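Only one structure is covered here, and it is reproduced in the block below.
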Amino acid sequence: MVNLFVKLISNSINNVRRAPRLSICSYNYSSYGKNTCESGRKNSRTRDHMKRTEHSQRRKLFCSSKVVSLEELSPTVKGLKLFIEKRERINAEFQAGQWVDMVIPGVDTVGGFSICNAPQDLQQNGIIELAVKFSDHPPAHWIHTKCSVGDEVSVRVGGNFYFQDNDRKHIVLIAGGVGINPLYSILQHWRNLILKSPSNTADQQTAMVYSAKTIKELLFQEEILRICNEIKARCDFHVTKETTPILDLTNEAKTIRNEKVSRQSLSTSLNCINPNLANCYICGPPKFIERIEEYLMDMGVLKQHIFYEKWW
């Protein structure tokens, strides 16, 4: 029944919006990892994931998955793990930073959620992890109010924003709010690459800058700090709506600031980064991204080495 529902939804999406038909397990990477989805006001178009991403690359096929874990990551964000059977994993392979279309039985709207774990997790354990902020948008609302362990949903991987596998030795990750999700995926993937080939990444430098309204809304705090310690990365947290941070940061390379990310604070956070060697990834609200991109370019980072994804 689920597969029939997915097939009907998939056919409807392709016919109405004339999405490009891709070969199974193939992508067109001509967009070079840049995602310029605009959000603007929260009107019906910007809230429709399929309309906002109609020009983004995506796989042809949906994969069946089962919810195997649900967790409250913050007062407003719920984490879930989806298990995909081994026979279907080839169709669910993703690059760090991409998202999934999600078809939920009984929900007419197709959801779109960034993947927040590393590709290696899918390959080894069949798991895709998502972190979904509460809203009245039907897919997110279902996840927060109706989803249970054992429920089945179908997912399809897509997105033009992903880790660039090239010779750039310095990596910068800058997140605003739940924009941390794809960047957390990239951070884990980058860690895996470093640990796999330490000699090839001996001169790497990594910087993470993460801004949220409150301490509790800084998702994956402990995990991010652990990874940054593993790979000797700098990590700066920003909290914009609280004045008394309660996060214990014992390493001088990890700081927390009671302010928005500014030109000056970003310059300090990236003092170990050579702009001529860096790929910079940004994800967050549109105005946040536009401001950060301007700061990076003023610091000498070329526009073609700045990659971003804008969410509403």
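Numbering (full-length UniProt numbering), first residue to last: 1 to 312.
We treat Cβ as the ideally placed atom computed from N, Cα and C, and that holds for glycine.
Keep in mind that this is a model prediction, so the values were computed, not measured.
Discussion item. According to DSSP, simplified to helix, strand and coil, what is cysteine 280?
Written reply: One-based indexing of the sequence shown puts residue 280 at position 280. Three-state result, cysteine 280: strand.
Discussion item. Could you check whether the region 273–292 touches the region 167–176, counting it as contact only if at least three pairs of C-beta atoms, one from each stretch, sit closer than 8 angstroms?
Written reply: Yes, the region 273–292 touches the region 167–176.
Item to complete: Could you please give the first and the last residue of the uninterrupted alpha helix (DSSP H) stretch that includes leucine 130?
Response: Sequence index remark: in the sequence shown, residue 130 carries index 130 (1-based). Leucine 130 -> not in any alpha helix (DSSP H); beta strand (DSSP E) instead, spanning 127–133.
Worksheet item: With a Cβ-Cβ cutoff of 9 angstroms, do serine 69 and lysine 81 count as a contact?
Response: Within the sequence shown, residue 69 is the residue found at index 69, counting from 1. Within the sequence shown, residue 81 is the residue found at index 81, counting from 1. Yes, the Cβ-Cβ distance between serine 69 and lysine 81 is below 9 angstroms.
Fill in: Alpha-carbon spacing of aspartate 298 relative to glutamate 54, whole angstroms
The sequence position of residue 298 within the sequence shown is 298, counting from 1. The sequence position of residue 54 within the sequence shown is 54, counting from 1. Aspartate 298 and glutamate 54 have their C-alpha atoms roughly 32 angstroms apart.
Worksheet entry | Own chain, CB closer than 6 angstroms to threonine 243, minus 5 neighbours either side, in chain order | Position 243 of the sequence shown, counting from 1, holds the residue named residue 243. Sequence-distant partners of threonine 243 (beyond 5 residues in either direction) whose C-beta falls short of 6 angstroms from its own C-beta, in its chain, are Asn258.
Worksheet item: Straight-line CA distance for isoleucine 306 to alanine 118?
Response: Counting from one through the sequence shown, the residue named residue 306 turns up at place 306. Counting from one through the sequence shown, the residue named residue 118 turns up at place 118. Cα-Cα distance, rounded: 21 angstroms.
Worksheet item: So which of Lys216, Gln204, Glu290 has the shortest CA-CA distance to valine 77?
Response: Taking the sequence shown and counting its residues from 1, one reaches residue 77 at position 77. Nearest C-alpha to valine 77: Lys216.
Practice prompt. Compute the Euclidean distance between the alpha carbons of valine 100 and methionine 208, then round it to the nearest angstrom.
Written response: Here the question's residue 100 lines up with position 100 in the sequence shown. Here the question's residue 208 lines up with position 208 in the sequence shown. Roughly 24 angstroms separates the two Cα atoms.
Practice prompt. Using three-state DSSP, classify glutamine 120 as helix, strand or coil.
Written response: Position 120 of the sequence shown holds residue 120. Secondary structure of glutamine 120 (DSSP, three-state): helix.
Worksheet entry | For threonine 145, the first and last residue of its enclosing alpha helix (DSSP H) | In the sequence shown, residue 145 corresponds to position 145, counting from 1. Counting along the chain, the unbroken alpha helix (DSSP H) around threonine 145 starts and ends at 138–145.
Worksheet item: With DSSP run on the structure shown, which of helix, strand or coil describes isoleucine 180?
Response: As a working note, residue 180 is residue 180 in the sequence shown. Here isoleucine 180 carries a helix assignment [DSSP, helix/strand/coil].
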